[in-house]
Amino acid sequence: KQEVTQIPAALSVPEGENLVLNCSFTDSAIYNLQWFRQDPGKGLTSLLLIQSSQREQTSGRLNASLDKSSGRSTLYIAASQPGDSATYLCAVPVSGGSNYKLTFGKGTLLTVNP
Amino acid sequence: EAGVAQSPRYKIIEKRQSVAFWCNPISGHATLYWYQQILGQGPKLLIQFQNNGVVDDSQLPKDRFSAERLKGVDSTLKIQPAKLEDSAVYLCASSRNPGGGGNTIYFGEGSWLTVV
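Residue numbers (our numbering), protein chains in the order written: chain C, 266 to 379; chain A, -9 to 106.
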């Protein structure tokens, strides 16, 4: 059974800092890994999707890396801003084919202080 | 492109009452998902539809939860009778195709249920 763990559970940083969020998974046979952002009272917004054949994916100030062999992914946020404050979740699919069930971590609650 | 629409956004009911949530996925998306997110947890898949057929409902409490997607577009999730532990956010999501690959899933803003 795939289990996804995110560390830390909460993180508070001053504006402008670079930061790293961690995600680990127990079954390395994954098709991809997806990072989401969730604002309070809102749904999930997909940030980055890394295919199993990729090592990293970048979007603006965000960079996600994937190391399948060690079962780890990191989300790097450069020059953090107060608007980055949200919960960040990573998720991996349980299996491919027509059954695409995402297993989520519990998330990291990020607070960026002005 | 319009996103995934859900209603109602918020609902408060007493235990043993019933509630229904509606979802309209992104146009052209064949796959629709209902997730349950309890406070402080990651979302958990309840049911996945491919067009109007059920692909996975292994984690759906079928004694009280039901879902349908009759015409392969909109979907309804019903809870009857509700229990206190059903208090959660019910997230609807859709994707163009199922499977691993480059499958990005798009989520709605959720329906927040409080059972008192």
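Where a beta carbon is used, it is the ideal one built from N, C-alpha and C, also for glycine.
Which value, in whole angstroms, describes the spacing of the CA atoms of residue i and residue j?
| i | j | result |
| --- | --- | --- |
| Gly308 of chain C | Leu81 of chain A | 7 Å |
| Glu75 of chain A | Ile37 of chain A | 18 Å |
| Asn297 of chain C | Val9 of chain A | 35 Å |
| His19 of chain A | Lys73 of chain A | 32 Å |
| Lys61 of chain A | Ile3 of chain A | 29 Å |
| Asn14 of chain A | Glu99 of chain A | 12 Å |
| Gly306 of chain C | Val106 of chain A | 19 Å |
| Leu367 of chain C | Ala351 of chain C | 20 Å |
| Lys52 of chain A | Lys34 of chain A | 15 Å |
| Phe301 of chain C | Leu354 of chain C | 5 Å |
| Val359 of chain C | Thr291 of chain C | 11 Å |
| Arg326 of chain C | Asn283 of chain C | 10 Å |
| Val63 of chain A | Ser56 of chain A | 17 Å |
| Gly90 of chain A | Leu29 of chain A | Low per-residue confidence applies at Gly90 of chain A: pLDDT is 48, beneath 50, and the placement is therefore not dependable, though the value from the model is reported in the following sentence. So the alpha carbons of these two residues sit roughly 28 Å apart. |
| Arg54 of chain A | Gly281 of chain C | 48 Å |
| Gln(-4) of chain A | Ser77 of chain A | 17 Å |
| Asp349 of chain C | Ser338 of chain C | 19 Å |
| Ser65 of chain A | Gln27 of chain A | 18 Å |
| Asn87 of chain A | Phe39 of chain A | 11 Å |
| Ile342 of chain C | Asn287 of chain C | 12 Å |
| Asn328 of chain C | Tyr25 of chain A | 27 Å |
Given that a residue counts as buried once 16 or more other Cβ atoms are within 10 Å of its Cβ, and exposed if not, what is residue i?
| i | result |
| --- | --- |
| Ile95 of chain A | buried |
| Arg6 of chain A | exposed |
| Asp304 of chain C | exposed |
| Gly336 of chain C | buried |
| Ser85 of chain A | buried |
| Gly43 of chain A | exposed |
| Pro(-2) of chain A | exposed |
| Ala344 of chain C | exposed |
| Val79 of chain A | buried |
| Ala(-8) of chain A | exposed |
| Trp346 of chain C | As written in the sequence, residue 346 of chain C is Gln, which differs from the Trp given in the question. The residue in question, Gln346 of chain C, is exposed, as its Cβ has fewer than 16 Cβ neighbours within 10 Å. |
| Tyr0 of chain A | exposed |
| Ile272 of chain C | exposed |
| Ser101 of chain A | buried |
Taking Cβ positions, are residue i and residue j nearer each other than 7 Å?
| i | j | result |
| --- | --- | --- |
| Arg59 of chain A | Leu103 of chain A | no |
| Leu110 of chain A | Phe11 of chain A | Nothing can be reported for residue 110 of chain A, as the shown portion of chain A is limited to -9 through 106. |
| Leu331 of chain C | Ile315 of chain C | yes |
| Gln322 of chain C | Leu312 of chain C | no |
| Ser289 of chain C | Thr270 of chain C | yes |
| Gln299 of chain C | Ala356 of chain C | yes |
| Lys371 of chain C | Gln31 of chain A | yes |
| Ile295 of chain C | Ser324 of chain C | no |
| Ile16 of chain A | Val(-6) of chain A | yes |
| Ser293 of chain C | Lys266 of chain C | no |
Beta strand (DSSP E) runs wholly inside the region 290 to 368 of chain C, at least 3 long, in chain order: 297 to 303, 309 to 316, 321 to 324, 327 to 332, 337 to 342 and 351 to 358
Touching by the beta-carbon criterion (3+ pairs, under 8 Å), the region 268 to 282 of chain C and the region 368 to 377 of chain C: yes
Length-filtered (3 minimum) beta strand (DSSP E) runs lying within the region 266 to 290 of chain C: 269 to 272, 275 to 279 and 284 to 290
Complete runs of the beta strand (DSSP E) confined to the region 33 to 68 of chain A [at least 3 residues]: 34 to 40, 43 to 46 and 55 to 58
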